[in-house]
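Asker: Protein chains in written order, with numbering that gives the first Met the number 0: chain R, 0 to 387; chain C, 0 to 164. Just so it is clear, CB atoms sit at the ideal spot from N, CA and C, and this is done for glycine as well. Below is a structure I'd like to ask you about.
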Amino acid sequence: MRRKFSLLALLFILFIGSVAFAHDNHSHAGEHPEALAEKDTPEKVKGFIKHHLKDAHYFELFHGVKMPLPIIIWDEGLKVFSSGDFKKKEVKEARAADSTITFQKLGINDTVAKDAKDYLYESQTSGYSIFHGKIIAAKHADIQLKLNKEGKKKLVSHSALLDFSITKTVLMTFIICVLLFLAFRGLSSSYRKGPIPSGFGRLLEPLVLFIRDDIAIPNIGEKHYKKYMSYLLTVFFFIWFVNLAGMTPLGINITGNIAITLSLALITYLITQFTANKSYWGHIFWMPGVPVPMKFVLMPIELLGTIIKPFSLMIRLYANITAGHVVLMSLIGLVFFASNLFSFGAFFGLTLFLGVIELLVAFLQAYIFTMLTALYFGAAVEEHHDEH
Amino acid sequence: MDLFNDFSLGLFVWQTVLFLALLFLLRKYAWKPILTAVEEREEGIKSALDAADNAKKEMEALNADNEKILREAKAERDSILKEARELKDGIIAEAKTQATEEADKVMASAREQINNEKMAAITELKNQVASLSVDIAEKILKSELKDDNKQKEMVNSALEEASID
Numbered sequence: 000m001r002r003k004f005s006l007l008a009l010l011f012i013l014f015i016g017s018v019a020f021a022h023d024n025h026s027h028a029g030e031h032p033e034a035l036a037e038k039d040t041p042e043k044v045k046g047f048i049k050h051h052l053k054d055a056h057y058f059e060l061f062h063g064v065k066m067p068l069p070i071i072i073w074d075e076g077l078k079v080f081s082s083g084d085f086k087k088k089e090v091k092e093a094r095a096a097d098s099t100i101t102f103q104k105l106g107i108n109d110t111v112a113k114d115a116k117d118y119l120y121e122s123q124t125s126g127y128s129i130f131h132g133k134i135i136a137a138k139h140a141d142i143q144l145k146l147n148k149e150g151k152k153k154l155v156s157h158s159a160l161l162d163f164s165i166t167k168t169v170l171m172t173f174i175i176c177v178l179l180f181l182a183f184r185g186l187s188s189s190y191r192k193g194p195i196p197s198g199f200g201r202l203l204e205p206l207v208l209f210i211r212d213d214i215a216i217p218n219i220g221e222k223h224y225k226k227y228m229s230y231l232l233t234v235f236f237f238i239w240f241v242n243l244a245g246m247t248p249l250g251i252n253i254t255g256n257i258a259i260t261l262s263l264a265l266i267t268y269l270i271t272q273f274t275a276n277k278s279y280w281g282h283i284f285w286m287p288g289v290p291v292p293m294k295f296v297l298m299p300i301e302l303l304g305t306i307i308k309p310f311s312l313m314i315r316l317y318a319n320i321t322a323g324h325v326v327l328m329s330l331i332g333l334v335f336f337a338s339n340l341f342s343f344g345a346f347f348g349l350t351l352f353l354g355v356i357e358l359l360v361a362f363l364q365a366y367i368f369t370m371l372t373a374l375y376f377g378a379a380v381e382e383h384h385d386e387h
Numbered sequence: 000m001d002l003f004n005d006f007s008l009g010l011f012v013w014q015t016v017l018f019l020a021l022l023f024l025l026r027k028y029a030w031k032p033i034l035t036a037v038e039e040r041e042e043g044i045k046s047a048l049d050a051a052d053n054a055k056k057e058m059e060a061l062n063a064d065n066e067k068i069l070r071e072a073k074a075e076r077d078s079i080l081k082e083a084r085e086l087k088d089g090i091i092a093e094a095k096t097q098a099t100e101e102a103d104k105v106m107a108s109a110r111e112q113i114n115n116e117k118m119a120a121i122t123e124l125k126n127q128v129a130s131l132s133v134d135i136a137e138k139i140l141k142s143e144l145k146d147d148n149k150q151k152e153m154v155n156s157a158l159e160e161a162s163i164d
């Protein structure tokens, strides 16, 4: 009961905070009424999707309602301040002859360049800016960009700082970690009352058993599976919960960040290497049962394989979730661009269908990641009794 | 692809820290108790099933034993009954022969006694007849030899008879 109350209180505080900030934001937007009246265009939708897929230094609960998050940077010392300090800077891009781009303050008669609208934020109190989600130790006037061969703008004047901010993704990861902990703590304490769990635990227990009986034991084996269970369970439920959170309209995309999937894959890689037995290393460096010259050929291939395996884990999860979000958001966008009732209905139905598919993918990707992780662990502790 | 451009070191560090913290917390407070509880429960179910199986087997063995005992008891009863019948028949037959023998004996002794009595009676009769005859003869002699002539005749005839020889 007390826990429920504190959760409600937390949500209430979040809500009040966001509304207070939203009020501030609206008064700001009020200076440019024409910006609100602007109609959505395909370019805007595309920009919105790209924007959604990226991490952010604020939490946009719904359009226009932004919640500030703490900024933590290392720039010759630790600096902590609120992202509410950053305000959107409306600038125009000035392109020089050598394709160097600088930002200039808008004149009274200037209109805002469309793609310059949403990416440059400037701190009111300190000398930092956020450019495309990255914190730079410079004000807009000092930033220099250059077009590269692919036509993309690259920073030339300042590099991004070491940014340990509590971003939207970090905050959501933290919240999901807390939820996971509460859910499974609940399940574990329900066993103290009786052998059969009650409530939400009844849903979770079969999944725990599924990981043990259908993933861990068949892939690792009865003898060794126990020491990997904690990691397999944590990684499965973490990815699944995080993927499901990505399906909410809160605009969260945690596993669509390469940093997240890299971290997960790296832990799998390290656990595999550090728990591997003699036979595993034997099969990498001196493959038994093949002629000696082949052993030398196989050595680098096998060695590379140990890195490719977790790399594929990283890319698979990232790409699947990112692709799912892009497709789903594009279809949602298409619903608004539908020119007649038939196409509206078709896109709406298709969105619904893909939404269901994505719910399946959320589970499937967690399953695949865990399954392959278990497979790699299994290979690391496999005992070869007969030479083949 | 913006893959490597999108990589954020801060996010990576946070994710690693949060995930490892989650891993260790869940390991301590959730996975170990959960897996232990589940294993204990499975062990409990398994041992209960085994016990039920054993009980079933024992019951079956007990039933088989009971049937065997029953069968044996029936056989024993039958044999006892048979024995008793045989005994009864034997006793009856023996009694019969004994009775017959006894009767025969009694009859034989009776017959013997009768014979003896008869013989005694006959002897007595013979003796009485003899004494009677002697008495009669005495009387006859007495009457015959009353006068001396007759006595002389008698002695003469007896002497004649003796002189003939």
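In the region 241-268 of chain R, which residues sit with their C-beta less than 8 Å from some C-beta in chain C, listed in chain order?
Answerer: Asn256, Ile257, Ala258, Ile259, Leu261, Ser262, Leu263, Leu265 and Ile266
Asker: Step through the CB atoms of chain R and report whether any lies within less than 8 Å of the CB of Leu48 of chain C.
Answerer: no
Asker: Give the single residue among R:Leu374, R:Pro248 and R:Lys153 whose Cα lies nearest to the Cα of Leu52 of chain R.
Answerer: Ranking R:Leu374, R:Pro248 and R:Lys153 by Cα distance to Leu52 of chain R puts R:Pro248 first.
Asker: Output the boundary residues of the alpha helix (DSSP H) element that contains Gln364 of chain R.
Answerer: Leu340 to Val380
Asker: On the three-state DSSP scale, how would you describe Ile71 of chain R?
Answerer: strand
Asker: For Phe102 of chain R, report the span of its beta strand (DSSP E) as first-last.
Answerer: Thr99 to Lys104
Asker: For Phe130 of chain R, which residues does DSSP report across the bridge?
Answerer: R:Leu119 and R:Lys133
Asker: Return the residues of the region 144-156 of chain R that lie within a Cβ-Cβ distance of less than 8 Å from chain C, sorted by chain order.
Answerer: none
Asker: Flag this pair as touching only if the region 59-78 of chain R and the region 127-137 of chain R have three or more C-beta atom pairs under 8 Å; answer yes or no.
Answerer: yes
Asker: Return the residue from the list R:Pro205, R:Leu349, R:Ser262 and R:Asp54 that minimises the CA-CA distance to Leu330 of chain R.
Answerer: R:Leu349
Asker: If we call anything under 8 Å between Cβ atoms a contact, is Thr271 of chain R one with Ala379 of chain R?
Answerer: yes
Asker: I'd like the list of long-range same chain contacts for Pro67 of chain R, defined as Cβ closer than 7 Å, with 5 residues on each side in sequence excluded.
Answerer: Phe20, Tyr57, Ser81, Ser82 and Gly83
Asker: Any Cβ of chain C within less than 8 Å of the Cβ of Tyr224 of chain R?
Answerer: no
Asker: Does the distance from the CB of Ile238 of chain R to the CB of Ala373 of chain R come in under 8 Å?
Answerer: Pairing Ile238 of chain R with Ala373 of chain R gives a Cβ-Cβ distance that is not under 8 Å.
Asker: Can you look up Met246 of chain R in the DSSP assignment and give me helix, strand or coil?
Answerer: coil
Asker: Can you list the residues of chain C that Thr166 of chain R reaches, using a CB-CB cut of under 9 Å?
Answerer: Ser7, Gly9, Leu10 and Trp13
Asker: Would you kindly work out how many angstroms separate the C-alpha atoms of Glu38 of chain C and Asn65 of chain C, rounded to a whole number?
Answerer: 40 Å
Asker: For chain R, is any of its Cβ atoms less than 8 Å away from the one on Ala185 of chain C?
Answerer: The displayed coordinates of chain C run from 0 to 164. Any statement about residue 185 of chain C would go beyond what the structure contains.
Asker: Does the beta-carbon of Gly29 of chain R have 16 or more other beta-carbons within 10 angstroms, so that it is buried, or is it exposed?
Answerer: A caution first: Gly29 of chain R carries a pLDDT of 37, below 50, which makes its placement in the model unreliable, though a value can still be read off. Classification for Gly29 of chain R: exposed.
Asker: Output, in chain order, the set of chain C residues within a Cβ distance shorter than 8 Å of Ser229 of chain R.
Answerer: Leu22, Leu25, Arg26, Trp30 and Lys31
Asker: Would you please verify whether the beta carbon of Phe18 of chain C is less than 8 Å from any beta carbon of chain R?
Answerer: yes
Asker: Would the beta-carbon of Ser164 of chain R fall within 8 Å of that of Ile142 of chain R?
Answerer: no
Asker: Closer than 8 Å, CB to CB, is Ala36 of chain C near chain R or not?
Answerer: yes
Asker: Do you know whose CA, among R:Lys86, R:Ala55 and R:Tyr366, lies nearest Ser125 of chain R's CA?
Answerer: R:Lys86
Asker: What residue range is occupied by the uninterrupted beta strand (DSSP E) comprising Tyr57 of chain R?
Answerer: Tyr57 to Phe61
Asker: Check each residue of the region 166-189 of chain R: if its Cβ is closer than 7 Å to any Cβ of chain C, include it; give the result in chain order.
Answerer: Thr166, Thr168, Val169, Thr172, Phe173, Cys176, Leu179, Phe180, Phe183, Arg184, Leu186 and Ser187
Asker: Tell me the rounded alpha-carbon separation between Ala365 of chain R and Arg315 of chain R.
Answerer: 11 Å
Asker: Can you grab the Cα-Cα spacing for the pair Gly255 of chain R / Lys104 of chain R, in whole Å?
Answerer: 34 Å
Asker: How would you write the range of the beta strand (DSSP E) that Lys86 of chain R sits in, first residue to last?
Answerer: Where Lys86 of chain R is concerned, the enclosing beta strand (DSSP E) stretches over Phe85 to Lys87.
Asker: Which one of R:Leu302, R:Leu243, R:Met328 and R:Asp162 has the shortest CA to CA distance from Gly76 of chain R?
Answerer: R:Asp162
Asker: Count the other CB atoms within 10 Å of the CB of Thr35 of chain C; is the residue buried (16 or more) or exposed (fewer)?
Answerer: exposed
Asker: Closest by CA to Val16 of chain C, which one among R:Gly245, R:Lys49 and R:Ala258?
Answerer: R:Ala258
Asker: Could you check if Ala275 of chain R is buried or exposed, using at least 16 other CB atoms within 10 Å of its CB as the buried criterion?
Answerer: buried
Asker: Which of helix, strand or coil does DSSP assign to Ile66 of chain R?
Answerer: Strictly speaking, residue 66 of chain R in this sequence is Met, with Ile absent from that position. Of the three classes helix, strand and coil, the one that applies to Met66 of chain R here is strand, per DSSP.
Asker: Taking the C-alpha atoms as reference points, what is the distance between Lys73 of chain C and Asp103 of chain C?
Answerer: 45 Å
Asker: How close, in whole Å, do the beta carbons of Pro194 of chain R and Gly43 of chain C come, if the pair is a contact with beta carbons under 8 Å?
Answerer: 7 Å
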